[in-house]
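Chemist:
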Amino acid sequence: VKKLFSLILGGIERVRLWLGANRDKIEYVDGLLFSNPVLIEGLALAPAVAATQSLKAAVILSVGFIWLVVLDVVIVRFAFSKASEEMRTIACALIGAVLFVPMAYTLKLVFPFLSTEVGLYLPIMIVDSVILSKSELYIELQHSNFRMFMELLFHSLGFILVVCLLGAAREVLAYGTIWGITVNAAPISSTVALPFFGFFMVAVLAAAAKALTNHFYHWINKRPAQAASRQEVNGNE
Amino acid sequence: MDRTSPLYTQRFYPCKEALIAMLPLLLMSYVQNGLRPVAVVLFSVLCGYLMDMLVHRLRRIRFEKCDLSAAVTGAVFAMLMPATVPYWVLFVGNLVAIVFVKHAFGGYGNNIFNPAAVGAAFCMFMWPHRVFQYPASMDKLPLLMSDEYQYVSSPLATLKAGGVPFVEFADLLTGDFVGPIGASGIIIMASVAVYLIVRKAVDWRLPASFLATVALVAFFLPRVHTTRLESMIYELFCSATVFGALFIVGEPVTAPKRPQSKYIYGVLAGLATMGFRYFGAFEMGIVFSSIAVSAISSFIDRRVSNYEGRYTLSKQVFGGDEQ
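Sequence lines, in order, name chains L and S. Under our numbering, residues 1 to 237 are what the first sequence spells out, in order. Under our numbering, residues 238 to 560 are what the second sequence spells out, in order.
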């Protein structure tokens with residue numbers, strides 16, 4: 001058992017050292033948590049706060065995010081990288097509006113009460129700051145296509161994770177249901193579905209994500225225990 | 238501030254005074270509803286104090302035993318609640334007040350909003366049916382409430398519904414009316430106000446300007462069909478308005494620091510309170526108005542400071558010319 005335990009600890013230490021040395025190579029994964037678009041970067045806050053009163057609404061927002069934001073950023077990156085910044089802004093909005101129409105029709109087939117679920121917060125994504133900031137970032141930094149796709153993928157996953165978590169938690173707490181199915185006969189309060197509580201939950205999650213990020217960076221940048229003690233001994237000598 | 242300095246513990250002087258000032262209110266609530274309101278306030282005080290101690294430990298900051306600020310937060314929060322409020326509501330309210338309002342901004346002396354007001358506002362939003370239902374006056378309550386208990390609405394709720402509350406002036410004097418634990422009679426509230434002002438725990442400018450504004454608005458713009466004077470009396474004394482003026486608006490941390498700013502702050506808080514009462518969803522406006530106005534407290538201070546600086550400069554320039 002002792003051997004197994006030391007083996008596990010050694011493995012964790014190796015992973016930690018590898019992460020510390022190769023941090024920049026896997027930076028694109030950060031969108032999931034360490035640079036989460038909602039919790040850390042503060043982008044797309046309005047839909048995440050106001051429109052996540054149920055899991056269904058969260059799923060609709062997630063589909064909207066992938067379709068509108070990811071596609072819009074990719075199109076702008078490839079087709080408008082040479083255009084001026086002002087033109088790119090206009091292009092972002094126009095492409096978003098064009099992309100929104102087929103998505104709205106498709107979503108309406110699956111979710112007939114689309115406007116009741118998410119209200120204005122789905123169409124408002126057309127002009128969301130996340131599109132502009134990401135497209136400008138990728139054009140300016142000249143990332144490789146692979147890195148851009150990976151970053152967009154993990155940022156989308158980060159957004160989906162947060163909104164679905166918020167949607168599910170708020171639905172259970174407000175109505176005692178999840179995806180419309182009763183799971184808790186005594187919900188806390190229907191006020192949980194109001195935007196005020198959404199702000200509250202996002203704030204708590206953002207604080208937790210920030211604390212986790214700080215701890216993670218501190219952990220991977222820590223000196224190995226043996227080396228540190230050796231250095232101290234040398235210093236004392 | 239240096240923790241070894243003897244001045245350090247003096248920071249908590251207003252907290253001690255506030256707790257002492259709340260004792261007569263607690264005694265009155267005991268006379269009215271028995272041991273239950275006393276248990277509610279003590280539980281809330283204990284919750285606040287222990288939670289503060291825990292958060293200090295989590296933040297790796299030394300906790301001073303003489304730091305009674307969290308106990309005051311717990312007491313003020315409980316005083317804004319009815320005597321029938323469940324204990325778990327008190328726990329949640331204190332959690333919000335201490336963790337999310339006090340320590341999230343850096344602890345005592347750094348908070349932008351009044352922690353007790355935010356805790357109360359949170360509970361009012363979340364469980365209005367628990368917070369706005371009161372026991373009848375002189376009804377002795379058990380320590381653990383049952384679901385069958387018959388609640389009554391407060392005079393402020395009657396005013397909100399457009400009716401005239403049936404409360405006699407003598408009852409307003411003695412505090413024999415339905416309301417939160419902190420809503421007491423004029424005599425008791427006046428003695429509490431005098432104590433706090435004489436002991437310099439509260440600057441008189443804040444409650445005075447606040448109460449004057451509430452009285453003027455109620456007098457000139459009554460919301461029910463009654464005489465102007467009656468409207469003023471009901472708005473001032475039928476709820477925890479005076480309590481809020483002393484313990485929420487008059488709180489030294491969130492209020493502005495300059496004397497002129499305090500007048501402006503009190504007037505704005507009074508106007509906002511009446512605005513929330515007249516047009517808001519809930520009968521109690523003071524917690525929401527204090528949150529709204531304390532957000533611009535330092536802005537008021539800055540504007541007044543700029544104005545004073547300009548005024549002094551022009552006085553020096555023109556005064557010098559005349560001489």
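By construction, the Cβ of each residue, glycine as well, lies at the ideal position given by its N, Cα and C atoms. For clarity, every value in this text was computed on a predicted model and none was experimentally measured.
Output yes or no for whether 8 Å exceeds the beta carbon distance between G356 (chain S) and V333 (chain S).
Modeler: Along the second sequence, read from residue 1 onward, the residue named residue 356 (chain S) stands at position 119. Along the second sequence, read from residue 1 onward, the residue named residue 333 (chain S) stands at position 96. Yes, these two residues count as a Cβ contact at 8 Å.
Chemist: Compare the C-beta of W364 (chain S) with all C-beta atoms of chain L and state if any pair is closer than 8 Å.
Modeler: Translated into the one-based positions of the second sequence, residue 364 (chain S) becomes position 127. Cβ-Cβ to chain L under 8 Å: yes for W364 (chain S).
Chemist: How long is the line joining the alpha carbons of F456 (chain S) and D408 (chain S), rounded to whole angstroms?
Modeler: Translated into the one-based positions of the second sequence, residue 456 (chain S) becomes position 219. Translated into the one-based positions of the second sequence, residue 408 (chain S) becomes position 171. Using only the alpha carbons, I get a separation of about 21 Å.
Chemist: Leaving aside the five residues before and after A394 (chain S) along the sequence, list all residues of the same chain whose C-beta is less than 8 Å from its C-beta, in chain order.
Modeler: For the purposes of this step, residue 394 (chain S) is taken as the residue at position 157 of the second sequence. Cβ neighbours of A394 (chain S) beyond the five flanking positions: F369, E520.
Chemist: What residues match up with I425 (chain S) in a beta bridge as DSSP calls it?
Modeler: Mapped onto the second sequence, residue 425 (chain S) falls at position 188. DSSP output for I425 (chain S) lists no bridge partner at all.
Chemist: Identify the contact partners of F196 (chain L) in chain S, using a Cβ-Cβ distance below 8 Å as the criterion.
Modeler: Reading the first sequence from its first residue, position 196 is the one you call residue 196 (chain L). Within chain S, the residues F362 have their CB atoms less than 8 Å from the CB of F196 (chain L), given in chain order.
Chemist: Please classify K552 (chain S) as buried or exposed, where buried requires at least 16 other C-beta atoms within 10 Å of its C-beta.
Modeler: In the second sequence, counting from the first residue as 1, residue 552 (chain S) sits at position 315. It is exposed - the Cβ of K552 (chain S) has fewer than 16 other Cβ atoms within 10 Å.
Chemist: For T321 (chain S), count the other beta carbons within 10 Å of its own beta carbon; 16 or more makes it buried, fewer makes it exposed. Which is it?
Modeler: Here residue 321 (chain S) refers to the residue found at position 84 when the second sequence is read from its first residue. Classification for T321 (chain S): buried.
Chemist: Looking at C-alpha atoms only, which residue of S:R514, S:G343, S:E488, S:A255 is the closest neighbour of R297 (chain S)?
Modeler: Start at 1 with the first residue of the second sequence, and residue 297 (chain S) comes out as number 60. Per the Cα distances, S:G343.
Chemist: Does DSSP put V554 (chain S) in a helix, in a strand, or in coil?
Modeler: Numbered from 1 along the second sequence, position 317 holds the residue referred to as residue 554 (chain S). Residue state, collapsed to three classes: helix.
Chemist: So what does DSSP say about Y28 (chain L), is it helix, strand or coil?
Modeler: Position 28 of the first sequence, counted from the start, is the residue given in the question as residue 28 (chain L). The answer is helix: DSSP assigns Y28 (chain L) an H, G or I state.
Chemist: Given this structure, state the Cα-to-Cα distance separating V439 (chain S) from S446 (chain S), to the nearest angstrom.
Modeler: Here residue 439 (chain S) refers to the residue found at position 202 of the second sequence. Here residue 446 (chain S) refers to the residue found at position 209 of the second sequence. Cα-Cα distance, rounded: 13 Å.
Chemist: Grab me the residues of L7 (chain L)'s own chain with a C-beta within less than 8 Å of its C-beta, minus the 5 sequence neighbours each way, in chain order.
Modeler: If you number the first sequence from 1, residue 7 (chain L) lands on position 7. Contacts found: none.
Chemist: If the cut is a Cβ gap below 9 Å, which residues of chain S does T191 (chain L) touch?
Modeler: Reading the first sequence from its first residue, position 191 is the one you call residue 191 (chain L). Per Cβ cutoff of 9 Å: F362, M363, W364, P365.
Chemist: Can you tell me whether E86 (chain L) is buried or exposed? The criterion is at least 16 other CB atoms within 10 Å of its CB, across all chains shown.
Modeler: As a first step, residue 86 (chain L) must be located in the first sequence, where it is residue number 86. Classification for E86 (chain L): exposed.
Chemist: Between S:E301, S:I424, S:H366, S:V336, which lies nearest to T310 (chain S) when the distance is taken from Cα to Cα?
Modeler: Taking the second sequence and counting its residues from 1, the one referred to as residue 310 (chain S) is at position 73. With distances taken between Cα atoms, T310 (chain S) lies closest to S:V336.
Chemist: Taking its Cβ as the centre, do 16 or more other Cβ atoms sit within 10 Å of R306 (chain L), making it buried, or is it exposed?
Modeler: As displayed, chain L neither begins before 1 nor continues past 237, which places residue 306 (chain L) out of reach and without an answer.
Chemist: Is I178 (chain L) helix, strand or coil by DSSP?
Modeler: Along the first sequence, read from residue 1 onward, the residue named residue 178 (chain L) stands at position 178. Strand at I178 (chain L).
Chemist: Sort S:A353, S:S374, S:Y386 by Cα distance to L367 (chain S) and report the nearest one.
Modeler: Indexing the second sequence from 1 puts residue 367 (chain S) at position 130. Note on residue identity: the sequence assigns Arg, not Leu, to residue 367 (chain S). Of the candidates S:A353, S:S374, S:Y386, the one whose C-alpha sits nearest the C-alpha of R367 (chain S) is S:Y386.
Chemist: Roughly how many whole angstroms lie between the Cα atoms of A237 (chain S) and M290 (chain S)?
Modeler: As shown, chain S starts at 238 and ends at 560. That puts residue 237 (chain S) outside it, with no answer to give.
Chemist: Find the nearest neighbour of Q269 (chain S) within the set S:H293, S:P379, S:L505, judged by alpha-carbon distance.
Modeler: Taking the first residue of the second sequence as 1, we reach residue 269 (chain S) at position 32. Checked all of S:H293, S:P379, S:L505; the closest Cα to Q269 (chain S) is S:P379.
Chemist: Does chain S have any CB closer than 8 Å to the CB of V49 (chain L)?
Modeler: Reading the first sequence from its first residue, position 49 is the one you call residue 49 (chain L). No, V49 (chain L) lies away from the interface with chain S (no Cβ there is under 8 Å from its Cβ).
Chemist: Quick one: does I181 (chain L) have its CB under 8 Å from some CB of chain A?
Modeler: No chain A is part of this structure, whose protein chains are labelled L and S.
Chemist: Flag this pair as touching only if the segment 67–80 of chain L and the segment 179–187 of chain L have three or more C-beta atom pairs under 8 Å; answer yes or no.
Modeler: For the pair of segments examined, the segment 67–80 of chain L was found not to touch the segment 179–187 of chain L: the number of CB pairs separated by less than 8 Å stays below three.
Chemist: Which one of S:V329, S:V278, S:P392, S:C303 has the shortest CA to CA distance from Y345 (chain S)?
Modeler: Translated into the one-based positions of the second sequence, residue 345 (chain S) becomes position 108. Of the candidates S:V329, S:V278, S:P392, S:C303, the one whose C-alpha sits nearest the C-alpha of Y345 (chain S) is S:C303.
Chemist: Please classify N221 (chain L) as buried or exposed, where buried requires at least 16 neighbouring CB atoms within 10 angstroms.
Modeler: Here the question's residue 221 (chain L) lines up with position 221 in the first sequence. By the 10 Å Cβ count, N221 (chain L) comes out exposed.
Chemist: Quick one: is P496 (chain S) buried, meaning 16 or more other Cβ sit within 10 Å of its Cβ, or exposed?
Modeler: Reading the second sequence from its first residue, position 259 is the one you call residue 496 (chain S). In summary, P496 (chain S) is exposed, with fewer than 16 beta-carbon neighbours lying within 10 Å of its beta-carbon over all protein chains present.
Chemist: When the Cα atoms are used, what is the spatial distance from L396 (chain S) to G512 (chain S)?
Modeler: The count along the second sequence starts at 1 and reaches residue 396 (chain S) at position 159. The count along the second sequence starts at 1 and reaches residue 512 (chain S) at position 275. About 14 Å.
Chemist: Would you give the residue range spanned by the alpha helix (DSSP H) that A74 (chain L) belongs to?
Modeler: Indexing the first sequence from 1 puts residue 74 (chain L) at position 74. The sequence given here has Val at residue 74 (chain L), not Ala. V74 (chain L) -> alpha helix (DSSP H) spans 71–79.
Chemist: Considering only the beta carbon of each residue, do V611 (chain S) and A312 (chain S) sit closer than 8 Å?
Modeler: Because chain S here runs from 238 to 560, residue 611 (chain S) falls outside it and cannot be looked at.
Chemist: Using a Cβ-Cβ cut-off of 8 Å (strictly less than) and excluding sequence neighbours within five positions of A48 (chain L), which residues of its own chain qualify?
Modeler: The residue you call residue 48 (chain L) lines up with position 48 of the first sequence. Counting only Cβ-Cβ distances below 8 Å, and skipping sequence neighbours, we find V38, L61, F159, V162, V163, L166, G198, V202.
Chemist: Please classify F154 (chain L) as buried or exposed, where buried requires at least 16 other C-beta atoms within 10 Å of its C-beta.
Modeler: Working through the first sequence from its first residue, we reach residue 154 (chain L) at position 154. When all chains shown are included, F154 (chain L) counts as buried.
Chemist: Determine the extent of the alpha helix (DSSP H) in which G503 (chain S) is found, giving its start and end residues.
Modeler: To locate residue 503 (chain S), count along the second sequence from 1; it is residue 266. 496–516 is the span of the alpha helix (DSSP H), which, as asked, contains G503 (chain S).
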